[in-house]
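See below for the structure under consideration.
Residue numbers (my numbering), protein chains in the order written: chain R, 329 to 464; chain X, 329 to 464; chain B, 329 to 464; chain F, 329 to 464.
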């Protein structure tokens, strides 16, 4: 299992009139978190696309326990449990920066396609990097 | 079962550099669709809040088959299958305006709370209106 | 002068914890309005790009008099005062659907570029269509 | 003059199909930057609201020189030139993290209101904190 923690701060732009983060915004936080996770072990998504592959989301899910508020610092805790063959799954838990209370949890599943959107196998260099991280 | 069709048009603001709608934006389309559905049978969400209740999302899910593109007109087909007791579930299918191809499908589950966010029973007038629509 | 009215409805996704539309969202409404305006006289922005031109925003401005609220129906009243030579300017006024009160006003200025982002002259077919509308 | 630099990273959520940040998103970056600037000298906007004041945007402006791209790290350089009496103006310049090239510049002007949206004088503690920073 590979883990990565990504901090996010909540601003006015994120919060709705209930005073909590609007429900779709967490999916943006998930994107930030998985992008930084991949980058942390050398997988720059800019280069993934330059190399001819895309990882579009094919499934997204979120369960909301407690809303994050304006000014709050939260941590998006991301993990990959299994080495991807054709699909890649990221799981996310969001906690306040200063506690282990779970505010929400979710996941995204990604296909691998070429730049025209046709499904392709996960490129070997991606699999190798992930394999390497899994082993350590 | 209650059904409602809500048209949405895709603009530049919605589309990412893959040339398709960014994955979190569909949850905004879902919100538009369920708000208009409720309004269509007299449940104005503005008044629901004025009457002291909120329907925060506690679960959201989407499966993406094919991305919608800039300029495309799509229909968010919403349905409620069951009369809510404590939770309310909306299911969504998105199709192009001119075909029945399913671009994506998803759902949201909503709790009912008071304005402080404490869970409450679904107000009777909401249940009655939905019951009435279910029967017809 | 060319005029076009575009209705927009405000949803939860647009509203911040002050209970009014978050200030950047109006720029999305402006985009919807100018896209529909151009389309109304046959200028489909999808085809503008297919024909090799883009109209990126080079300046954007908004003055906020009164915030729009969740559930409110507003009209984005757009106008083009002058035939564009190299730059194209759209001016916007937003009013409630049921009154002439000005909630806000703004403008956007657009350059014309090729698909690589290099400035080009406004394509003649665009100028011709706008000229034609100006004359009528 | 008071200055503050706030780093922002561009993600997929921000970028449109031209491959550059969508024009309204910079106003979200501006909000992050001014919030962090105020916080850096002890003005927590959460507490400003708790103390009964809001600083709604009454004017926003941006001039776009060059678009920021996915994966790019940028700096929002914010400054306040004058001590606010009734209005508060923030000016922003956005540069790449690794150069002084100006990608865009803009400003926002803010009124001060009570929680019902009625204009009030800028609270004295805000003026004092800003005065203190101006002097240093």
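Ideal placement from N, C-alpha and C gives every residue a C-beta, glycine not left out.
From the options, residue whose alpha carbon lies closest to that of residue i
{"i": "residue 469 (chain F)", "options": "F:455, F:412 and F:392", "result": "Nothing can be reported for residue 469 (chain F), as the shown portion of chain F is limited to 329 through 464."}
{"i": "residue 394 (chain B)", "options": "B:347, B:462, B:461 and B:413", "result": "B:347"}
{"i": "residue 445 (chain X)", "options": "X:425, X:382, X:378 and X:410", "result": "X:382"}
{"i": "residue 332 (chain F)", "options": "F:396, F:351 and F:418", "result": "F:418"}
{"i": "residue 420 (chain R)", "options": "R:428, R:410 and R:404", "result": "R:404"}
{"i": "residue 415 (chain R)", "options": "R:402, R:401 and R:388", "result": "R:388"}
{"i": "residue 380 (chain X)", "options": "X:334, X:458, X:457 and X:451", "result": "X:451"}
{"i": "residue 409 (chain R)", "options": "R:358, R:338, R:401 and R:459", "result": "R:459"}
{"i": "residue 438 (chain R)", "options": "R:363, R:384 and R:359", "result": "R:384"}
{"i": "residue 378 (chain R)", "options": "X:365, X:464, X:447 and X:345", "result": "X:345"}
{"i": "residue 350 (chain X)", "options": "X:361, X:390 and X:406", "result": "X:390"}
{"i": "residue 457 (chain B)", "options": "B:430, B:424, B:365 and B:402", "result": "B:365"}
{"i": "residue 359 (chain B)", "options": "X:341, X:464 and X:369", "result": "X:341"}
{"i": "residue 429 (chain X)", "options": "X:343, X:402, X:357 and X:440", "result": "X:402"}
{"i": "residue 339 (chain R)", "options": "R:369, R:400 and R:425", "result": "R:400"}
{"i": "residue 464 (chain X)", "options": "X:441, X:337 and X:369", "result": "X:369"}
{"i": "residue 441 (chain F)", "options": "F:337, F:376 and F:343", "result": "F:376"}
{"i": "residue 396 (chain F)", "options": "F:362, F:363, F:422 and F:443", "result": "F:422"}
{"i": "residue 363 (chain B)", "options": "X:337, X:363 and X:362", "result": "X:337"}
Alpha carbon of residue i to alpha carbon of residue j, nearest angstrom
{"i": "residue 413 (chain B)", "j": "residue 449 (chain B)", "result": "7 Å"}
{"i": "residue 435 (chain R)", "j": "residue 374 (chain X)", "result": "31 Å"}
{"i": "residue 455 (chain R)", "j": "residue 453 (chain F)", "result": "56 Å"}
{"i": "residue 371 (chain F)", "j": "residue 386 (chain F)", "result": "20 Å"}
{"i": "residue 329 (chain X)", "j": "residue 462 (chain X)", "result": "6 Å"}
{"i": "residue 398 (chain F)", "j": "residue 352 (chain F)", "result": "15 Å"}
{"i": "residue 427 (chain R)", "j": "residue 335 (chain R)", "result": "13 Å"}
{"i": "residue 447 (chain R)", "j": "residue 355 (chain B)", "result": "35 Å"}
{"i": "residue 424 (chain R)", "j": "residue 357 (chain X)", "result": "28 Å"}
{"i": "residue 367 (chain R)", "j": "residue 361 (chain F)", "result": "24 Å"}
{"i": "residue 343 (chain B)", "j": "residue 343 (chain R)", "result": "8 Å"}
{"i": "residue 480 (chain B)", "j": "residue 411 (chain X)", "result": "In the structure displayed, chain B extends from 329 to 464; residue 480 (chain B) sits before or after that span and is not available."}
{"i": "residue 443 (chain B)", "j": "residue 443 (chain F)", "result": "47 Å"}
Endpoints, the beta strand (DSSP E) within which residue i is located
{"i": "residue 419 (chain X)", "result": "416-424"}
{"i": "residue 387 (chain X)", "result": "385-392"}
{"i": "residue 449 (chain F)", "result": "Run containing residue 449 (chain F): none; DSSP gives neither H nor E here."}
{"i": "residue 333 (chain R)", "result": "330-337"}
{"i": "residue 403 (chain R)", "result": "401-408"}
Span of the alpha helix (DSSP H) around residue i
{"i": "residue 432 (chain F)", "result": "First-last for residue 432 (chain F): 432-438, but that is the beta strand (DSSP E), not the alpha helix (DSSP H)."}
Interface flag, residue i vs chain A, CB-CB below 8 Å
{"i": "residue 376 (chain R)", "result": "As a matter of chain content, chain A is missing from the structure shown, whose protein chains are R, X, B and F."}
Problem - Short-range partners of chain B found in the region 339-350 of chain R, where Cβ spacing is below 7 Å - result: 340, 341, 343, 344, 345, 347 and 350
Problem - chain F contacts made by the region 382-414 of chain X, where a contact means CB separation under 8 Å - result: 398
Exercise for the section: Using a Cβ-Cβ cut-off of less than 8 Å, give me the residues of the region 349-368 of chain R that come near chain F, in sequence order. Expected result: 356, 359, 360 and 363
Handout entry: Contained beta strand (DSSP E) runs [length at least 3] in the region 357-387 of chain R, N- to C-terminal order
Key = none
Handout entry: Selection of the region 421-438 of chain X by Cβ proximity to chain B, strictly under 8 Å
Key = none
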